[in-house]
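Undergrad:
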Amino acid sequence: MTTGVDGPGRAQIEERTLRTDRWWLTPLATFIVFSGFVVFATVRAFMGRDYFAEPYLSPFYSPCLGDCVEGASDFGQPFSWWPLSAALIILIFPLGFRMTCYYYRKAYYRAFWLSPPACAVAEPHSAYSGETRFPLLVQNLHRYFWYAAIVVGLILTFDVVLAFRPMPDEYAVGDGETSGVHMGLGTLLMAVNVALIWLYTLSCHSCRHIVGGRLRHFSKHPVRYKLWTWVSKLNASHPRYAWYSLFSVAVVDFYIYLLATDVIDDLRFF
Amino acid sequence: MGYELKMRVWRGDASGGSLGDYAVEVSEGEVVLDALHRLQATQTGDLAIRWNCKAGKCGSCSAEINGKPRLLCMTRLSDFDPAETITVTPMRAYPVIRDLVTDVSYNYEKARELPGVELGPRDADGKRRMMQVDVERGQEFRKCIECFLCQNTCHVTRDHEDNKPAFAGPRFFLRYAELDMHPLDTLDRRDTVRETAGLGLCNITKCCTEVCPEGIKITDNAIIPMKERVVDRKYDPLVWLGNKIGLRNKDNEGRAAT
Ligand code: SF4
Ligand code: SF4
Ligand code: FES
Ligand code: FES
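Just so you know, the sequences run in chain order A and H. Using my numbering, the first residue of the first sequence is number 2, and each one after it goes up by one. Using my numbering, the first residue of the second sequence is number 4, and each one after it goes up by one.
#1: Could you tell me whether the Cβ of A:Ala-121 comes closer than 8 Å to any Cβ of chain H?
#2: Figure out for me which residue from A:Ala-54, A:Lys-227, A:Ala-150 has the closest Cα to the Cα of A:Met-100.
#3: Is H:Lys-167 near ligand 4, with its Cβ less than 7 Å from a heavy atom?
#4: Which one or two residues does DSSP pair with H:Ser-30 in a beta bridge?
#5: Quick check on H:Cys-205 - is its C-beta less than 8 Å from some C-beta in chain A?
#6: Return no unless some Cβ of chain A is closer than 8 Å to the Cβ of H:His-40.
#7: Grouping DSSP H, G and I as helix and E and B as strand, with all else coil, what is H:Ile-68?
#8: At least one CB of chain H closer than 8 Å to the CB of A:Arg-106: is that the case?
#9: Nearer than 7 Å: is that true of the beta carbon of A:Cys-102 relative to any heavy atom of ligand 1?
#10: Answer with buried or exposed for H:Ile-248, where buried requires no fewer than 16 other C-beta atoms within 10 angstroms of its C-beta.
#11: I want to verify the contact list: residues of chain H whose CB lies under 7 Å from the CB of A:Glu-132, in sequence order.
#12: Flag H:Cys-56 as yes when its Cβ comes closer than 7 Å to any non-hydrogen atom of ligand 4, and as no otherwise.
#13: Any residues in the region 224-236 of chain H with a beta carbon nearer than 9 Å to a beta carbon of chain A? Which ones, in chain order?
#14: First and last residue of the alpha helix (DSSP H) that includes A:Val-195?
#15: With 8 Å set as the bound, which would you pick, yes or no: does the beta-carbon of A:Asn-194 sit closer than that to a beta-carbon of chain H?
#16: For chain H, find out if any of its Cβ atoms is closer than 8 Å to the Cβ of A:Ser-116; answer yes or no.
#17: Confirm, please, whether the CB-CB distance from A:Leu-66 to A:Ile-91 is below 8 Å.
#18: Tell me, please, whether the region 4-11 of chain H touches the region 22-34 of chain H by the rule of three or more beta-carbon pairs shorter than 8 Å.
#19: With H, G and I counted as helix, E and B as strand and the rest as coil, what does DSSP make of A:Thr-179?
#20: Helix, strand or coil: how does DSSP classify H:Ile-89 here?
#21: Less than 7 Å separating the Cβ of H:Leu-152 from some heavy atom of ligand 2?
#22: For A:Val-182 and A:Pro-167, which I take to be in contact (beta-carbon distance under 8 Å), what is that distance rounded to the nearest angstrom?
#23: At a CB-CB cut-off below 9 Å, which residues of chain A make contact with H:Thr-92?
#24: At a Cβ threshold of 8 Å, is A:Tyr-103 touching chain H?
#25: Could you tell me which uninterrupted alpha helix (DSSP H) segments, each at least 4 residues in length, are contained entirely in the region 198-246 of chain A, listed from first to last along the chain?
#26: For A:Val-264, count the other beta carbons within 10 Å of its own beta carbon; 16 or more makes it buried, fewer makes it exposed. Which is it?
#27: Taking the CB atoms as reference points, tell me whether H:Leu-241 and H:Asp-188 lie closer together than 8 Å.
#28: Ligand 3 and A:Phe-98: does the residue's C-beta get closer than 7 Å to at least one heavy atom of that ligand?
#29: Distance, Cα to Cα, A:Arg-209 vs A:Arg-215?
#30: My output table needs one value for A:Val-70: the three-state DSSP class, helix, strand or coil.
#31: Tell me, to the nearest whole angstrom, how far the beta carbon of H:Leu-80 is from that of H:Val-29; I am working on the premise that it is less than 8 Å.
#32: Relative to the C-alpha of A:Ala-119, which candidate in H:Thr-156, H:Ile-89, H:Ala-259, H:Ala-66 has its C-alpha closest?
#33: How should A:Thr-179 be labelled, buried or exposed, when 16 other C-beta atoms within 10 angstroms of its C-beta is the threshold for buried?
#34: Do the region 121-138 of chain H and the region 169-180 of chain H meet, that is, are 3 or more Cβ pairs less than 8 Å apart?
#35: Could you have a look at A:Leu-259 and say whether DSSP puts it in helix, strand or coil?
#36: Out of A:Asp-22, A:Arg-20, A:Ala-88, which has the shortest C-alpha to C-alpha gap to A:Ala-42?
Have a look at this one:
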């Protein structure tokens with residue numbers, strides 16, 4: 002690392018940073034939480050079971066296009082020949098969306114790649130080419146994952162509607178189902194999750210660009226200008242939605258796992 | 004109420020140097036630059052500092068305080084515990100001239116590489132007209148005081164001297180964005196910003212935004228929008244196809260065809 006802060010001509014200072022605050026805390030916390038999520042999501046995605054507890058379907062498995070348990074596939078099973086977990090068919094979309102997200106990029110470049118670990122803290126790498134070459138050049142395809150994320154968002158919203166369906170008989174309160182709708186803690190969790198996912202998806206930087214940011218003359222496009230103004234407001238909180246929706250997806254999946262494995266019963270509101 | 008402030012200040016030049024320990028009388032309400040000036044007046048007559056306005060407007064007094072790139076004149080002593088030792092060094096991304104003064108000419112070279120504004124023809128009455136909503140977006144970028152703290156912090160060149168020829172840096176991405184969002188400008192800069200200015204080297208880790216004393220949202224409002232515009236131009240197959248078959252964007256958003 003002789004070309005950086007300790008290179009010739011620069012002020013001779015031994016420390017790679019003189020920062021006295023706890024600059025390592027954020028990257029460390031990010032590293033721990035993201036790693037935890039990746040482990041959890043990988044385990045759950047490869048399990049291929051306990052992802053459906055009628056009427057709830059885990060977001061990791063929606064839409065369930067493989068050889069799924071009965072009642073889980075609302076869009077048919079075009080991939081019923083797929084030998085592995087059905088989650089693996091569709092996870093590329095949410096995964097690709099988050100991996101190429103401008104905020105997640107910032108977070109993992111800092112926390113996992115230490116490039117840089119924090120501002121004005123020298124990074125440990127001797128060479129750096131940023132996002133100019135393959136594979137990181139692929140980050141430029143983020144907008145396509147955004148288009149896919151819109152579809153995923155719609156499907157997850159549909160799942161929430163389905164989560165209001167009557168429960169099967171064994172859960173019925175009193176003498177069987179009396180009304181056509183039901184709501185339980187599962188429904189609530191799924192609804193909150195989908196709201197956070199929409200906030201995350203609509204606050205995306207590519208969304209901001211697509212709805213109006215790409216224009217040079219807002220005055221010629223008043224509607225798109227309005228949209229851009231709204232998305233810009235959401236966009237300021239994009240990192241927050243990225244974190245919240247990460248947690249909510251995991252919580253929903255875990256709750257359904259607990260239901261499906263009969264560890265707990267759904268808390269029923271009506 | 005005055006107190007004695009303990010300071011460590013980097014002294015030296017390109018051939019070498021080190022942090023010297025000092026104690027200087029300060030009073031509440033003063034800024035780091037005041038303390039350094041008193042040091043200069045009472046103990047170290049030859050201490051080199053660059054400054055002009057002492058009001059956070061000229062962008063001359065950039066340095067690093069406790070390892071953080073900041074303006075000396077805008078960093079209040081009241082932000083620190085009186086018992087704390089404050090360490091001041093020159094900016095660490097540039098060749099040092101002496102003490103706290105660095106050679107920032109890299110930035111002036113980058114400024115010269117940037118293609119200036121190219122306005123289209125005037126209206127029939129000889130005037131130029133712009134709508135308020137169209138110019139508003141670039142106003143934020145005009146707050147820049149050219150302190151080069153963002154340039155100094157950006158790890159692309161701070162940690163990799165060899166990237167300097169290929170990378171213009173956040174302050175100039177700001178300028179690219181301002182011009183590309185200018186309603187009357189006609190020059191298409193989307194290739195230049197990628198090829199000459201090295202926009203792809205930026206990995207949007209946002210340190211420029213973190214240190215900007217003007218609070219400009221450099222990454223969110225200039226760099227990322229420029230990255231998206233480069234995608235439009237270079238990496239988006241659908242936009243490319245749309246342009247080819249004349250489906251969209253016939254006027255290229257007011258940019259001259261290239
Ligand atoms: S966001 Fe980009 S330009 Fe700004 S400091 Fe980080 S790498 Fe440099
Ligand atoms: S953008 Fe901000 S940090 Fe960078 S030179 Fe301008 S005022 Fe300084
Ligand atoms: S989802 Fe984060 S920027 Fe697009
Ligand atoms: S002296 Fe002018 S900005 Fe500090």
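C-beta atoms are modelled at their ideal positions from N, C-alpha and C, and glycine is treated no differently.
TA: Well, looking at it:
#1: Proximity of A:Ala-121 to chain H, defined by a Cβ-Cβ separation below 8 Å, is satisfied.
#2: If we check each option's Cα against that of A:Met-100, A:Ala-150 comes out closest.
#3: Residue side-chain check: H:Lys-167 keeps its Cβ at 7 Å or more from all non-hydrogen atoms of ligand 4.
#4: According to DSSP, which records beta bridges pairwise, H:Ser-30 is partnered with H:Gly-5.
#5: Yes, contact with chain A.
#6: It does not: the Cβ of H:His-40 has no partner Cβ on chain A nearer than 8 Å.
#7: DSSP, reduced to helix, strand and coil, places H:Ile-68 within a strand of the structure shown.
#8: Closer than 8 Å to some Cβ of chain H, the Cβ of A:Arg-106 qualifies, so yes.
#9: Every heavy atom of ligand 1 is 7 Å or more from the Cβ of A:Cys-102, so no.
#10: The residue is exposed, with fewer than 16 neighbouring Cβ atoms inside 10 Å.
#11: The contacting residues are Gly-203, Asn-206.
#12: For H:Cys-56, the shortest C-beta to heavy atom distance toward ligand 4 is below 7 Å.
#13: If the cut-off is 9 Å between Cβ atoms, the region 224-236 of chain H has Asn-224, Ile-227, Pro-228, Lys-230, Glu-231, Arg-232, Val-233, Val-234, Asp-235 near chain A.
#14: Start and end: 186-203.
#15: By this cut-off, A:Asn-194 is not an interface position.
#16: Judged by the 8 Å Cβ criterion, A:Ser-116 is in contact with chain H.
#17: Yes, Cβ-Cβ distance for A:Ile-91 and A:Leu-66 is below 8 Å.
#18: Verdict: yes, contact present.
#19: For A:Thr-179, the predicted model reports a pLDDT of 49, less than 50, meaning its position is unreliable and no value from the coordinates is stated.
#20: Note: H:Ile-89 maps to strand in three-state DSSP.
#21: The closest heavy atom of ligand 2 lies less than 7 Å from the beta carbon of H:Leu-152.
#22: Between A:Val-182 and A:Pro-167 the beta-carbon gap is near 7 Å, inside 8 Å, which marks them as a contact.
#23: Near H:Thr-92 (Cβ distances below 9 Å), the residues of chain A are Ala-12, Ile-14, Leu-19.
#24: Yes, contact with chain H.
#25: 206-209, 223-236, all fully within the region 198-246 of chain A.
#26: By the 10 Å Cβ count, A:Val-264 comes out exposed.
#27: Cβ atoms of H:Leu-241 and H:Asp-188: not closer than 8 Å.
#28: For A:Phe-98, the shortest C-beta to heavy atom distance toward ligand 3 is below 7 Å.
#29: Straight across, the Cα-Cα distance linking A:Arg-209 with A:Arg-215 is about 8 Å.
#30: It is coil, neither helix nor strand.
#31: Their Cβ separation, rounded to whole angstroms, is 6 Å, which keeps H:Leu-80 and H:Val-29 in contact under 8 Å.
#32: Closest by C-alpha distance to A:Ala-119, out of H:Thr-156, H:Ile-89, H:Ala-259, H:Ala-66, is H:Thr-156.
#33: Because the pLDDT at A:Thr-179 is just 49, under 50, the model does not fix this residue reliably, and the value given afterwards should be weighed accordingly. Under the 10 Å beta carbon count, A:Thr-179 is surrounded by fewer than 16 other beta carbons and is classified as exposed.
#34: The region 121-138 of chain H vs the region 169-180 of chain H: no contact.
#35: In the structure shown, A:Leu-259 falls within a helical segment according to DSSP collapsed to helix, strand and coil.
#36: That would be A:Ala-88, whose Cα lies nearest to the Cα of A:Ala-42.
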